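Visitor: Please find one structure pasted underneath; my questions will follow.
Residue numbers (our numbering): 26 to 430.
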């Protein structure tokens, strides 16, 4: 079985620290935290010309490192939760007064200033308080059919930290009670809304609010420090802050991918990976946390590369995944898919069979194996036809030569 050979262009495109001037992959940072770490700098030209390169391989990582990994964006997009909710623009309008609606709701706060009615159940656990959330909402005043504020009309979801009051207080209490994918109505009393003064010209004093809210997604933040979306500078001597910055880029990448913006999704995932590559590690727990996040970014990067037709880059990303966890089913699957698109049938079968062994009931893996068999059989037929035609041409030419003699 032959190894995958990648073009110079693909390697340059994938590498996170490629020195254009010297045509070198800098070993000091490229795949720095993978078990497969380069001992010295590699000259790209020598590498592509077949010169031997020395590697140091460690097999000390336990597959349990990745047991808590979240589903990759490939599976999230199949669920299509956000697309469904965007199309439906939340819950249907009400045909009763706020007081009548309040009577059917449950208290979110003990003082009754925020009440709730679930329209569509979410899944998983209630959003942790230390989370960066993405929500869609319509907000109504009583006796008004049109919302006075709507993320749907703005065509931009609202994003904020749940542990910091960045909007009206009632919105924070409402979202804190929700699960991912949940759509609920909330009554927000004026005390937790715009207060006794309201918002002149738009919201009258002491106006209660009806909020139709959907929790689209969230990413948990592990420290108290503020995420600054404008500041791309990474403070590498603070592990938690750097890891959270990488998670923020990963979160942005998943949102961009769901919107069909694969190009910018790749950019976001690569930003997250650059942070993780140079992340200083002080203990085993930090290394495990870094590797978990790194695998998430790499899996999603492989999905994006496959979608864009950059199959060699997808293979390189999967190599990095499997260098961390050789039994990662997603890494095997996306490697096999990319290899199939490159018509490397042996490599495709190797990794798809590994994925099937790890996840025997997975429909995507089994469908990809069917595609492999069909494409390989077609290739055999086409190859046979080609050589039959070639031999016929050769025979015709030989017959003509004999006749001319």
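All C-beta atoms in this analysis are idealised placements derived from N, C-alpha and C, irrespective of residue type, glycine included.
The structure presented is a predicted model; accordingly, all values stated were derived computationally and were not measured.
1) For residue 326 and residue 170, what's the separation of their Cα atoms in angstroms?
2) Please identify the residue among 298, 297, 356, 210 whose C-alpha is closest to the C-alpha of residue 373.
3) Can you tell me whether DSSP reads residue 386 as helix, strand or coil?
4) Taking 7 Å as the cut-off, is the beta-carbon of residue 232 closer than that to any non-hydrogen atom of the ligand SAM?
5) In or out: residue 418 buried (at least 16 other Cβ within 10 Å) or exposed?
6) Closest to residue 39 by CA distance: which of 341, 163, 153, 168 is it?
7) Is residue 242 helix, strand or coil by DSSP?
8) Alpha carbon to alpha carbon, how far is residue 270 from residue 121?
9) Determine the DSSP secondary structure at residue 232, reduced to helix, strand or coil.
10) Tell me whether residue 368 is buried or exposed, calling it buried when 16 or more other Cβ atoms sit within 10 Å of its Cβ.
11) Please report the Cβ distance between residue 167 and residue 233, rounded to the nearest whole angstrom; I am assuming they are in contact, meaning their Cβ atoms lie under 8 Å.
12) Tell me whether residue 193 sits in a helix, a strand or coil according to DSSP, three-state version.
13) What's the C-alpha gap between residue 235 and residue 226?
14) What distance in whole Å lies between the Cβ atoms of residue 241 and residue 172, which are believed to be in contact at a cut-off of 8 Å?
15) Assign residue 408 to buried or exposed, taking buried as 16 or more other Cβ atoms, counted over all protein chains shown, within 10 Å of its Cβ.
16) What's the call for residue 310, buried or exposed, on a 16-neighbour Cβ count within 10 Å?
17) How would you call residue 421, buried or exposed, if buried means at least 16 neighbouring beta carbons within 10 angstroms?
18) Roughly how many whole angstroms lie between the Cα atoms of residue 404 and residue 157?
19) How many Å lie between residue 380 and residue 343 at the Cα?
20) Give the straight-line distance between the Cα atoms of residue 287 and residue 281, rounded to the nearest whole angstrom.
21) If you draw a straight line from the C-alpha of residue 222 to the C-alpha of residue 228, how long is it?
22) Who does residue 209 pair with in a DSSP beta bridge?
23) Threshold first: 4 residues or longer. Then list the alpha helix (DSSP H) segments lying entirely within the region 342-368, N to C.
24) Just to confirm the assignment, what range does the alpha helix (DSSP H) spanning residue 278 have?
25) Beta carbon of residue 140, beta carbon of residue 133: below 8 Å?
26) Out of curiosity, what's the CA-to-CA distance linking residue 211 and residue 196?
Guide: Reading off the structure:
1) 43 Å
2) 356
3) coil
4) As presented, the structure is devoid of all ligands, the ligand SAM included, so that no description of it is given.
5) exposed
6) If we check each option's Cα against that of residue 39, 341 comes out closest.
7) strand
8) 45 Å
9) In the structure shown, residue 232 sits in coil (DSSP, three-state: anything other than H, G, I, E or B).
10) exposed
11) 6 Å
12) Residue 193: coil per DSSP, three-state reduction.
13) 19 Å
14) In fact, because the Cβ distance is near 17 Å, the residues do not count as touching under 8 Å.
15) exposed
16) exposed
17) exposed
18) 49 Å
19) C-alpha separation (whole angstroms): 12 Å.
20) 7 Å
21) 9 Å
22) 143, 238
23) The region 342-368 is shown to contain whole alpha helix (DSSP H) runs of 4 or more residues at 354-366, in chain order.
24) 264-283
25) yes
26) 9 Å
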